[in-house]
Structures are given as structure tokens and as C-alpha cells.
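Just so you know, the sequence shown maps onto residues 3 to 104 in this note's numbering. We put the CB at the ideal spot given by N, CA and C, even for glycine.
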Amino acid sequence: MPILLQAFDYTDDQALQRRMTHRQQHLEILKQNKDHKLVILASAILNEHKNMCGSIVIFNLDTPEEVENMLREEPYLIHRVWESYTLTPIAIPPFFLVEGSE
């Protein structure tokens, strides 16, 4: 069952700079997880100024606990980019799934 992560960035003056500093490492981990079919989709959330202010990730895992285990090495948590996040089980209709993500 896919798990949706919704993460919200800190709002201090240095938050966007921290995000940009650690973005490449964050994207590399996402790419590895996608290649291993552990992530279905990921995206930044944009604010009204079109600046990144959060993230969504759809994990191809069975439980929120499995996602929590993966997040132990997430640069955006380690380096105080994400202030908070939620994990929610979701059901994606089959016709939306990309081949190999089932």
C-alpha cells in the first residue's frame, strides 16, 4: 500500500538556503529509491512566490514504520529543512500507476 509523505519546511530566513544546500543529496537518495521501486513519485511544494516550501513523496512501502526507517537518513530532516511531516496510507487507482510501480 503506498504511503504519502507531506513535509513542510521551516519558515526561518535560512530555510530555503538549507534546502538548496542539501537538495542534490536529497534528490540522489530519491533517485536511488525510485530505481529500487521504493518511491513512486516525489515533488517540491511551492508557495505563492513559487519558492519551494515543502515536499510530497509517495513511497511504495507497506507501512508508515517502513517509511520512518528510510527517513532516518533523509538530509532534509537531518539538516533542518523539513520542520514537520505526515505519513498517510493512500490508494492509487491502477490506471494512474506507472509501469513497474505496482
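Inset, instruction - Indicate the three-state DSSP secondary structure (helix, strand or coil) for residue 23 in the structure shown. - result: As a position in the sequence shown, residue 23 is number 21, starting the count at 1. It is helical.
Inset, instruction - Please specify which runs of the beta strand (DSSP E), each continuous and at least 3 residues long, are wholly inside the stretch 27–99, giving them in chain order. - result: 41–48, 54–61 and 84–91
Inset, instruction - Find the nearest neighbour of residue 70 within the set 51, 90 and 55, judged by alpha-carbon distance. - result: The residue you call residue 70 lines up with position 68 of the sequence shown. Of 51, 90 and 55, the residue nearest in Cα terms is 90.
Inset, instruction - Let me know if residue 5 comes out buried or exposed under the rule of 16 or more other beta-carbons within 10 Å of its beta-carbon. - result: Walking along the sequence shown from the start, residue 5 turns up at place 3. By the 10 Å Cβ count, residue 5 comes out buried.
Inset, instruction - Could you tell me the distance, in whole angstroms, from the CA atom of residue 86 to the CA atom of residue 97? - result: Taking the sequence shown and counting its residues from 1, one reaches residue 86 at position 84. Taking the sequence shown and counting its residues from 1, one reaches residue 97 at position 95. Looking at the two C-alpha atoms, the distance is approximately 31 Å.
Legend entry - Inter-residue spacing [alpha-carbon to alpha-carbon] between residue 36 and residue 14: One-based indexing of the sequence shown puts residue 36 at position 34. One-based indexing of the sequence shown puts residue 14 at position 12. Taking the straight line joining both Cα atoms gives about 31 Å.
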